[in-house]
Amino acid sequence: MNGEYCSVDEAAIPITDVGFIHADAAYDVVSASRGYIFRLQDHLQRFERSCHSFRLRNPYSAAQTSAILVRLAQLAGTREAYIWWCVTRGAMPEGRERGNPEAYQNCFYAFAIPYLFIADDAMRSRGLDLMVSRQYIRIPGRAVDPAAKNFHWMDMKLALFEARDRGGDFAVLCDADGYLTEAPGANIFLVEAGTIVTPDDGCLEGITRRTTLELAAELGLPARVEPVAAERLRSADEAFITSTAGGIMPVRSVDGVPLGAGGPGTETVRLHNLYWDKRWRGWLGTPVEFRC
């Protein structure tokens, strides 16, 4: 917290920080597997773009931020880690200065905990039951830039609650025109006749999303990034979601209708297995040195 290290249960932020009051912050997440932080530099670059989009200033350089995140993993002592960090706007100045981004002292917070999945073991093994939200749409990009990782999650959280109310595991949101955007904390992919497809707009430019497209090329799978109407997801051969918190996770049904054979699809499994095989071997990883 702003240069101080402590245990997670002792961590706190000032209640007047507008990161808390107004969701005024940018954040990012990396994961470590077998002691290697995956694509750390890519995440740091995305984080800087997010800060720029929201007119925030990271108090630390990219190199300093990298060192902090590695140190957190060392202190947590876990080789399988979920490492989160953010820059908040800080406390609000008085009067007209509240509209001046230079008048705020931006703050830095970060933590490392054991790695977590947004889908549990059973859900990942059988495939997720996904629901396309009927009640909510993704916040439009002209309101909050979805490519900048942010705290504006109420649309996604309410869609997730809606999915659970309807008997599903997870949700995906569309934009106002009925095109798929993203799931809560995850990008969406579908497979049509051996080609993987993912939305081109209204979603975070996920690092796991990028990785999936690279792995598809390695496997010789055609891939397209384009507008995707929700109806295409319901009729797809396969589908999966991607996230730092879980990697590549299969979908078995959409709105109660099974996809394919009703379990993890063949291409999804191939991508999933290659992803973890390469990660476990330290692919694109920054090593964390642990004391024995």
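According to my numbering, numbering within the sequence shown proceeds without interruption in unit steps and concludes at 796. The C-beta atom is built at its ideal place from N, Cα and C for all residues, glycine as well.
(message) Does ASP528 come out as helix, strand or coil in the three-state DSSP assignment?
(response) In the sequence shown, counting from the first residue as 1, residue 528 sits at position 24. In the structure shown, ASP528 sits in coil (DSSP, three-state: anything other than H, G, I, E or B).
(message) Taking 8 angstroms as the threshold (C-beta atoms), are THR592 and ASP528 in contact?
(response) Within the sequence shown, residue 528 is the residue found at index 24, counting from 1. Within the sequence shown, residue 592 is the residue found at index 88, counting from 1. A contact, by the Cβ cut-off of 8 angstroms.
(message) Let me check understanding here. Comparing Cα to Cα, which of GLY764, PHE551, CYS590 lies closest to ASN506?
(response) For the purposes of this step, residue 506 is taken as residue 2 along the sequence shown, with counting starting at 1. When only C-alpha atoms are compared, the closest one is CYS590.
(message) Rounding to the nearest angstrom, what Cα-Cα distance links ALA721 and LEU763 in this structure?
(response) By 1-based counting over the sequence shown, the position of residue 721 is 217. By 1-based counting over the sequence shown, the position of residue 763 is 259. Going by the C-alpha atoms only, they are around 23 angstroms apart.
(request) Select from ALA743, ALA607, ASP669 the residue whose C-alpha is nearest the C-alpha of GLY594. (result) Indexing the sequence shown from 1 puts residue 594 at position 90. When each option's Cα is compared against that of GLY594, the closest is ALA607.
(message) Would GLU686 and CYS707 qualify as a contact pair, given that the criterion is a beta-carbon distance under 8 angstroms?
(response) For this step, residue 686 is matched to residue 182 along the sequence shown. For this step, residue 707 is matched to residue 203 along the sequence shown. Closer than 8 angstroms, so yes.
(request) Could you check how far apart the C-beta atoms of LYS653 and SER554 are, in whole angstroms? I think they sit under 8 angstroms. (result) Position 149 of the sequence shown holds residue 653. Position 50 of the sequence shown holds residue 554. About 5 angstroms; that satisfies the 8 angstroms criterion.
(request) Output the residue ranges of the beta strand (DSSP E) runs that lie fully inside the stretch 658–695 and measure 3 residues or longer, sorted by chain position. (result) Counting whole runs of 3 or more residues, the stretch 658–695 contains the beta strand (DSSP E) stretches 674–678.
(request) In the DSSP assignment, find the beta strand (DSSP E) that holds PHE551 and state where it starts and stops. (result) Taking the first residue of the sequence shown as position 1, residue 551 is located at position 47. Unbroken run through PHE551 is the alpha helix (DSSP H), 544–557; no beta strand (DSSP E).
(message) Just verifying my parser: in three-state terms, what is the DSSP assignment at PRO605?
(response) As a first step, residue 605 must be located in the sequence shown, where it is residue number 101. In the structure shown, PRO605 sits in a helix (DSSP, three-state: H, G or I).
(message) I'd like to check one pair, ARG756 with ARG670: are the Cβ atoms closer than 8 angstroms?
(response) Position 166 of the sequence shown, counting from 1, holds the residue named residue 670. Position 252 of the sequence shown, counting from 1, holds the residue named residue 756. Result no, Cβ atoms of ARG670 and ARG756 do not sit closer than 8 angstroms.
(request) Might you give, ordered along the chain, the residues of its own chain that have their beta carbon closer than 8 angstroms to the beta carbon of LEU579, omitting 5 neighbours on each side? (result) On the sequence shown, residue 579 is found 75 positions in, with the first residue counted as 1. TYR509, ALA616.
(request) From the DSSP output, in three-state form, read off TRP589 for me. (result) For this step, residue 589 is matched to residue 85 along the sequence shown. Strand at TRP589.
(message) Taking DSSP's pairing of strands, which residues face PRO650 in a bridge?
(response) For the purposes of this step, residue 650 is taken as residue 146 along the sequence shown, with counting starting at 1. Paired residue(s): none; PRO650 is not in a bridge.
(request) Could you check the C-alpha separation between PRO650 and GLY689 for me, to the nearest Å? (result) Sequence index remark: in the sequence shown, residue 650 carries index 146 (1-based). Sequence index remark: in the sequence shown, residue 689 carries index 185 (1-based). About 11 angstroms.
(request) Could you tell me whether the stretch 743–754 touches the stretch 787–794, using the rule of 3 or more Cβ pairs below 8 angstroms? (result) As far as the Cβ criterion goes, the stretch 743–754 does not touch the stretch 787–794, which means the pair count is below three.
(request) Would you mind stating whether TYR640 and ALA663 have Cβ atoms separated by less than 8 angstroms? (result) Stepping through the sequence shown from its first residue, residue 640 is reached at position 136. Stepping through the sequence shown from its first residue, residue 663 is reached at position 159. In contact: TYR640 and ALA663 (Cβ atoms closer than 8 angstroms).
(message) If you follow the alpha helix (DSSP H) that SER570 is in, where does it begin and where does it stop?
(response) Numbered from 1 along the sequence shown, position 66 holds the residue referred to as residue 570. 566–580 is the extent of the alpha helix (DSSP H) around SER570.
(message) Less than 7 angstroms separating the Cβ of TYR564 from some heavy atom of the ligand GDP?
(response) In the structure shown, the ligand GDP is absent, as is every other ligand, since no ligand is present at all.
(request) State the DSSP-derived secondary structure class of GLY767, mapped to helix, strand or coil. (result) Residue mapping note: residue 767 aligns to position 263 of the sequence shown, counting from 1. In the structure shown, GLY767 sits in coil (DSSP, three-state: anything other than H, G, I, E or B).
(message) Classify HIS526: buried if its beta carbon has 16 or more other beta carbons within 10 angstroms, exposed otherwise.
(response) Stepping through the sequence shown from its first residue, residue 526 is reached at position 22. Exposed, since its Cβ has fewer than 16 Cβ neighbours within 10 Å.
(message) Only counting the same chain, and skipping five residues up and downstream in sequence, which positions put a Cβ closer than 7 angstroms to that of ARG738?
(response) Locating residue 738 in the sequence shown gives position 234, where the first residue counts as 1. Cβ neighbours of ARG738 beyond the five flanking positions: VAL758, ASP759, VAL761.
(request) Apply the 10 Å Cβ neighbour rule to PHE794 and answer buried if 16 or more other Cβ atoms are within range, or exposed otherwise. (result) Position 290 of the sequence shown holds residue 794. By the neighbour-count rule (16 or more Cβ atoms within 10 Å), PHE794 is not buried but exposed.
(request) Take TRP588 and list the residues in its own chain whose beta-carbon comes closer than 7 angstroms to its own, dropping the five residues that flank it on each side. (result) Residue mapping note: residue 588 aligns to position 84 of the sequence shown, counting from 1. Result list for TRP588: TYR531, VAL533, ALA614, PHE615, in chain order.
(message) Between which residues of its own chain and GLY724 is the CB-CB distance below 7 angstroms, once the five residues before and five after are set aside?
(response) The sequence position of residue 724 within the sequence shown is 220, counting from 1. So the list is empty, once near-sequence residues are dropped.
(request) Evaluate ALA743 with the Cβ neighbour count: other Cβ atoms within 10 Å of its Cβ, from every protein chain shown; 16 or more gives buried, anything less gives exposed. (result) For the purposes of this step, residue 743 is taken as the residue at position 239 of the sequence shown. That one is buried.
(request) Would you list, in sequence order, the uninterrupted alpha helix (DSSP H) runs of no fewer than 4 residues that lie entirely inside the stretch 683–752? (result) 711–723, 734–738
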